[in-house]
Amino acid sequence: GENVEQHPSTLSVQEGDSAVIKCTYSDSASNYFPWYKQELGKGPQLIIDIRSNVGEKKDQRIAVTLNKTAKHFSLHITETQPEDSAVYFCAAKSLSASKIIFGSGTRLSIRP
Amino acid sequence: GAVVSQHPSRVICKSGTSVKIECRSLDFQATTMFWYRQFPKQSLMLMATSNEGSKATYEQGVEKDKFLINHASLTLSTLTVTSAHPEDSSFYICSAREGSGANYGYTFGSGTRLTVV
Chain A
2 GENVEQHPST
12 LSVQEGDSAV
22 IKCTYSDSAS
32 NYFPWYKQEL
42 GKGPQLIIDI
52 RSNVGEKKDQ
62 RIAVTLNKTA
72 KHFSLHITET
82 QPEDSAVYFC
92 AAKSLSASKI
102 IFGSGTRLSI
112 RP
Chain B
3 GAVVSQHPSR
13 VICKSGTSVK
23 IECRSLDFQA
33 TTMFWYRQFP
43 KQSLMLMATS
53 NEGSKATYEQ
63 GVEKDKFLIN
73 HASLTLSTLT
83 VTSAHPEDSS
93 FYICSAREGS
103 GANYGYTFGS
113 GTRLTVV
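Following this line, the structure appears as structure tokens:
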């Protein structure tokens, strides 16, 4: 089945700087890659997603890139703000399955 | 956008009792819902896939007789933790798939903090 690895596990950046989180997946048939933000005690919230027919997607300060050949995808957050502090999860969905599999998560801290 | 409502948000129960958690899709029909479990500082682990009108599909290692899942309508799935024990204490989160064809997404509920004493 699908396996998703995520790095780093923790990330601390200065406010205003950029943050990058990387994930790799194992199933070459995976076709959907969402990113979720989870705040303490809450459920995950979708922040951006990308499908396998595109290589990059951007939404204001957030962007995701996908390299299907290398089977990795990355989340980029620019001009970080204190409210960006949270745990971020990448996930992947195989073409043949209805479920999504999560990475291990990255705890992002924004230093003032 | 799509909204998934999960109740209760917190529940404390005694060992040996059962607890039911509800997951509702408020503005869309969800033929497929998912139940996850999350321990502190860990990722979400899929427990089971719930299909409307049929039996749930459980992930390896998840006891189907302990974690009863019912998906009787297109907007409601329930997870019942039977004969709860302290080790069942965790954060339980449901998710629903919305959309069709090439345009779909997964929306999550706000989670249920279960504490078994």
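The listed protein sequences correspond, in order, to chains A and B.
My numbering runs 1 ahead of the 1-based position in the first sequence.
My numbering runs 2 ahead of the 1-based position in the second sequence.
Yeah, the Cβ is synthetic: ideal placement off N, Cα and C, and Gly gets one too.
- In this structure Phe-90/A is in contact with Ser-45/B, their Cβ atoms being roughly 6 Å apart against a cut-off of 8 Å.
- Annotation: Asn-54/A is outside any beta strand (DSSP E) and is labelled neither H nor E by DSSP.
- Cβ contact annotation for Gly-101/B (same chain, cutoff 6 Å, sequence separation greater than five): Gly-107, in chain order.
- Shortest Cα-Cα distance from Ala-74/B to any of Ser-56/B, Gly-63/B, Arg-12/B involves Ser-56/B.
- Contact between Leu-41/A and Thr-107/A does not hold, since their C-beta atoms are separated by about 15 Å, which reaches or exceeds 8 Å.
- Rounded to the nearest angstrom, the Cβ distance from Thr-77/B to Ser-27/B is 5 Å, consistent with a contact under 8 Å.
- The Cβ neighbour count for Ile-71/B, taken over all protein chains shown within 10 Å, is at least 16; the residue is labelled buried.
- The three-state secondary structure of Asp-85/A, taken from DSSP, is helix.
- The beta strand (DSSP E) runs of length 3 or more contained entirely in the stretch 50–78 of chain B are, from start to end of the chain, 69–75.
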